[in-house]
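Below: one structure, written as structure tokens.
Number of protein chains: 2
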Amino acid sequence: MDTLNNKKEEIDKVETILEKYIPENELKEVKKILYGLNRGQLVQPLPINKEALQIAESHDFEILASKMTAENEQLRKSRIVRIGVIQNCIGAPTTAPVKEQYKAIEEKIEKMIDAAGAMGVNVLCLQETWHMPFAFCTRERYPWVEFAESATDGESVLFIQRMARKYNMVIVSPILERDDVHGGTIHNTAVVVGNNGNIIGKSRKNHIPRTGDFNESTYYMESTLGHPVFETVFGKIGINICYGRHHNLNWLAYGLNGAEIVFNPSATVGELSEPMWSIEARNASMTNNYFVGSINRVGTEYFPNEFTSGNGKPAHKDFGHFYGSSYVSAPDGSRTPGLSRVRDGLNISEVDLNLCQQVKDKWNFQMTGRYEIYAKFLTEYIDPNYKPQIIKDPSMK
Amino acid sequence: MDTLNNKKEEIDKVETILEKYIPENELKEVKKILYGLNRGQLVQPLPINKEALQIAESHDFEILASKMTAENEQLRKSRIVRIGVIQNCIGAPTTAPVKEQYKAIEEKIEKMIDAAGAMGVNVLCLQETWHMPFAFCTRERYPWVEFAESATDGESVLFIQRMARKYNMVIVSPILERDDVHGGTIHNTAVVVGNNGNIIGKSRKNHIPRTGDFNESTYYMESTLGHPVFETVFGKIGINICYGRHHNLNWLAYGLNGAEIVFNPSATVGELSEPMWSIEARNASMTNNYFVGSINRVGTEYFPNEFTSGNGKPAHKDFGHFYGSSYVSAPDGSRTPGLSRVRDGLNISEVDLNLCQQVKDKWNFQMTGRYEIYAKFLTEYIDPNYKPQIIKDPSMK
Numbered sequence: 001m002d003t004l005n006n007k008k009e010e011i012d013k014v015e016t017i018l019e020k021y022i023p024e025n026e027l028k029e030v031k032k033i034l035y036g037l038n039r040g041q042l043v044q045p046l047p048i049n050k051e052a053l054q055i056a057e058s059h060d061f062e063i064l065a066s067k068m069t070a071e072n073e074q075l076r077k078s079r080i081v082r083i084g085v086i087q088n089c090i091g092a093p094t095t096a097p098v099k100e101q102y103k104a105i106e107e108k109i110e111k112m113i114d115a116a117g118a119m120g121v122n123v124l125c126l127q128e129t130w131h132m133p134f135a136f137c138t139r140e141r142y143p144w145v146e147f148a149e150s151a152t153d154g155e156s157v158l159f160i161q162r163m164a165r166k167y168n169m170v171i172v173s174p175i176l177e178r179d180d181v182h183g184g185t186i187h188n189t190a191v192v193v194g195n196n197g198n199i200i201g202k203s204r205k206n207h208i209p210r211t212g213d214f215n216e217s218t219y220y221m222e223s224t225l226g227h228p229v230f231e232t233v234f235g236k237i238g239i240n241i242c243y244g245r246h247h248n249l250n251w252l253a254y255g256l257n258g259a260e261i262v263f264n265p266s267a268t269v270g271e272l273s274e275p276m277w278s279i280e281a282r283n284a285s286m287t288n289n290y291f292v293g294s295i296n297r298v299g300t301e302y303f304p305n306e307f308t309s310g311n312g313k314p315a316h317k318d319f320g321h322f323y324g325s326s327y328v329s330a331p332d333g334s335r336t337p338g339l340s341r342v343r344d345g346l347n348i349s350e351v352d353l354n355l356c357q358q359v360k361d362k363w364n365f366q367m368t369g370r371y372e373i374y375a376k377f378l379t380e381y382i383d384p385n386y387k388p389q390i391i392k393d394p395s396m397k
Numbered sequence: 001m002d003t004l005n006n007k008k009e010e011i012d013k014v015e016t017i018l019e020k021y022i023p024e025n026e027l028k029e030v031k032k033i034l035y036g037l038n039r040g041q042l043v044q045p046l047p048i049n050k051e052a053l054q055i056a057e058s059h060d061f062e063i064l065a066s067k068m069t070a071e072n073e074q075l076r077k078s079r080i081v082r083i084g085v086i087q088n089c090i091g092a093p094t095t096a097p098v099k100e101q102y103k104a105i106e107e108k109i110e111k112m113i114d115a116a117g118a119m120g121v122n123v124l125c126l127q128e129t130w131h132m133p134f135a136f137c138t139r140e141r142y143p144w145v146e147f148a149e150s151a152t153d154g155e156s157v158l159f160i161q162r163m164a165r166k167y168n169m170v171i172v173s174p175i176l177e178r179d180d181v182h183g184g185t186i187h188n189t190a191v192v193v194g195n196n197g198n199i200i201g202k203s204r205k206n207h208i209p210r211t212g213d214f215n216e217s218t219y220y221m222e223s224t225l226g227h228p229v230f231e232t233v234f235g236k237i238g239i240n241i242c243y244g245r246h247h248n249l250n251w252l253a254y255g256l257n258g259a260e261i262v263f264n265p266s267a268t269v270g271e272l273s274e275p276m277w278s279i280e281a282r283n284a285s286m287t288n289n290y291f292v293g294s295i296n297r298v299g300t301e302y303f304p305n306e307f308t309s310g311n312g313k314p315a316h317k318d319f320g321h322f323y324g325s326s327y328v329s330a331p332d333g334s335r336t337p338g339l340s341r342v343r344d345g346l347n348i349s350e351v352d353l354n355l356c357q358q359v360k361d362k363w364n365f366q367m368t369g370r371y372e373i374y375a376k377f378l379t380e381y382i383d384p385n386y387k388p389q390i391i392k393d394p395s396m397k
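Line by line, the protein sequences are chains A and B.
Under UniProt numbering, the first residue of the first sequence is numbered 1, with each subsequent residue one higher.
Under UniProt numbering, the first residue of the second sequence is numbered 1, with each subsequent residue one higher.
Okay, here's the thing in structure tokens:
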């Protein structure tokens, strides 16, 4: 299993180090500034029941649970929802047959969803293309594109539908999609499965990376599906897939369409993006006033053939370390602890969706946004003859 | 002086606590994740010379200095610039005559600019309405509007021009402006003074808060000056004043207009915004690929008459604690340490402006932004009949 998840030299998480060394009073001050407050106190843990703990222990994954509350209102009831995010390393070596690789992951995911079910999770999201290794670094076509599935009746979709029905759970399932209706095109897609196991719809990746080993633009194109928000019995959900988290307009559009929870299923590695991981999603949460579930895969994936990374370094077989650290951030600026940087995990947050509107009413960003000037600004900007508003010091030559 | 800067119960800063307790090796890992890396290493300190240290010591302010580098290029020379940000508490009680209050602050600022000059700072920015207490919490007109000055020949402007000339320094001076050409209107303005002491132009606050004690919308209106970027001998500079940092489109517009450094002169208090302070500016820096200088005033300001805060709490005379913590963030996701939460300070960063373009070329956000879909989206959104893109679970009643 060492080739699936190389744990050496990787710390488990920042929180562990802070909690190990810093005395309680000062730790509280540090956490207040770094992790925020929910209604005046640090985000509180939610008790984890025995059943969930047992599943987690016997299948070797971490389980965390937190609670964020909102004020009581006179006219609206609380809308308490349990959000779950799952991170996982792959289940079999990348040299195994495609079917075997998929099944090995499905087996792990099934146990993790069982634990989520035991904890009464209502809305769950898996990591980006959870059903396969993140093989786009290789630039090889086969066998990797064979993981691509129909978003209506692919094997992973049928599995997720079964699990959704079993636990009365809305599940967002990010997969590599092959769309046979449209010429067999490949997409990076999130299938949204309702709590009755019905497929509500799908969303696709809006922004495709062109950086480092993220050679995804050679595999699939930008979404043309817009910024759909899915209204479910457990709230309004948007999905901002991976690299879309670097684009503030993408986050904004889900917010303006009414999202209360936006998931960011991702696959990203330490050297490239880790200091950004705790920043971008929280910024989106604070400024758009919705919950964000940030999910990163975990482990180091090794591929059969060596490849280069366009960075002057020798050819190699791994993508670097996916650092996990999945967490949930709240519209009030608070966040949950993150999952491990090296282990599979399920991170659960009980939240009151009323907090979204309450934070809007407190901060008023929705009214101070001046969208009319930016609609005009962007319309001018995309004109090929756009002249930036630059005021040059006249005393310069 | 206790009424000017109430230090009790306030910690100095998070960094102090981390450094006090966490062993070196683990501290390095924590800092890597929390503060980012610049070209593979933690942001390095820049030596502070004796002259600057002496000024800081004898006038009781903190001085920090850091260094961020960029790769060497073949065709462009490095563009090394020293950025300075200054935070300060007020200099005299708010009960003193207006002139006396101003002069007491000017005296402090002069010494801090002397230290910046001794360190060869090229571009400096002061805090929001640095020349006065942040009295908008009171909702009183007089004497507070008497601090408002002409942006061309106000007393503070003339002072800043002298200092700019003295040290060959570009200085961004955020003031309360009275525009007599336009009916004596009041504005929250940043005057940009060139290194020859010339006034290059001004920028105004684009987004005015309506939250907590930030009753600024009763004093001044939203800017109609757009998102100007000032081209100086030391780089292209934009100014996003205070509450504009919660609006990602505001940050974006300065970036698209070519800014390499955006200052965020602010006045914000702990209970309201502190967990957001280390998030929003860094997010702007990462996603728009420019340096951000984040400046918050420091101390607790007490006013002559009591006022209420619309939060059910009794009338009181203070605005809460301005937590300082001014810092600079880089386009590569790294950041400098922050200044104290309780003391005046000058934070200097030596940077290579070439890093902006280099990070753009690495991440490609400028090309993957899909601005055309967002120009269309926002144009549709501002239509009063806009229908959000919501896909409702058909199995819901």
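We put the beta carbon where it would ideally sit given N, CA and C, even for glycine.
In this text, all values refer to a predicted model and were calculated from it rather than measured experimentally.
Asked	Found
A/L37 in three-state terms, based on DSSP	coil
Residue 399 of chain B, enclosing beta strand (DSSP E) - first and last residue	Residue numbering for chain B in the displayed model covers 1 to 397; residue 399 of chain B lies beyond these limits and cannot be assessed.
Below-8 Å beta-carbon distance, A/E177 vs any chain B residue	no
Distance CB(B/D332)-CB(B/L355) smaller than 8 Å	yes
Assigned secondary structure, A/S156 (DSSP; H/G/I helix, E/B strand, else coil)	helix
B/L64 at chain A interface by Cβ criterion, 8 Å	no
Any C-beta of chain A under 8 Å from that of B/H316	no
Whether B/T308 touches B/H321 by CB criterion (8 Å)	no
Inter-residue spacing [alpha-carbon to alpha-carbon] between A/N6 and A/R341	At A/N6 the pLDDT is 48, less than 50, meaning the model places this residue with poor confidence and gives no usable figure here.
Rounded straight-line distance, which links the Cα of B/E216 to that of A/E216	47 Å
A/N264 - DSSP class collapsed to helix/strand/coil	strand
Cutoff 8 Å: A/P384 Cβ touching any chain B Cβ	no
Anticipated Cβ contact below 8 Å, B/G226 with A/Q389, distance rounded	5 Å
One or two residues paired with A/F307 in a DSSP bridge	A/H316
Contiguous alpha helix (DSSP H) assignments of at least 4 residues, all confined to the stretch 57-119 of chain A	98-118
Short CB-CB distance (under 8 Å) between residue 404 of chain A and chain B	No answer is possible for residue 404 of chain A: the residues shown for chain A start at 1 and end at 397.
Chain-ordered residues of the stretch 122-138 of chain A with a beta carbon less than 8 Å from chain B	none
Cβ neighbour criterion (16 or more within 10 Å) applied to B/E73	exposed
Residue span of the beta strand (DSSP E) that contains residue 464 of chain B, given as start and end	The shown model of chain B, from 1 to 397, leaves out residue 464 of chain B, and the question about it has no answer.
Sheet register partners of A/Q44 (DSSP bridge)	A/K67
DSSP three-state assignment for B/V342, whether helix, strand or coil	coil
Where A/P174 falls, given that 16 or more other Cβ within 10 Å makes a residue buried	buried
Beta carbon proximity, B/A164 to chain A, threshold 8 Å	no
At least 3 beta-carbon pairs within less than 8 Å: the stretch 53-67 of chain B vs the stretch 108-120 of chain B	yes
Three-state secondary structure (DSSP) of A/H207	coil
Three-pair Cβ contact test at 8 Å for the stretch 7-25 of chain B versus the stretch 241-255 of chain A	no
Whole-angstrom distance between B/V30 and B/Q44, CA atom to CA atom	15 Å
Whole-number beta carbon distance between B/I382 and A/E372, since they are thought to touch under 8 Å	5 Å
Chain A contact for B/K313 (CB, 8 Å cutoff)	no
The stretch 278-298 of chain A in contact with the stretch 76-96 of chain A per 3-pair CB rule at 8 Å	yes
Contact with chain B by A/Y302, beta-carbon distance below 8 Å	no
Beta-carbon gap between A/M169 and A/I348 smaller than 8 Å	no
CB contact below 8 Å: B/H246 versus chain A	yes
Exposed unless 16 or more other CB atoms sit within 10 angstroms - verdict on B/D2	At B/D2 the pLDDT is 41, less than 50, meaning the model places this residue with poor confidence; the figure from the coordinates comes in the next sentence. Answer is exposed; the Cβ neighbour count stays below 16.
Residue range of the unbroken alpha helix (DSSP H) whose run includes A/F377	Y371 to Y381
Whole-angstrom distance between B/V172 and A/D180, CA atom to CA atom	58 Å
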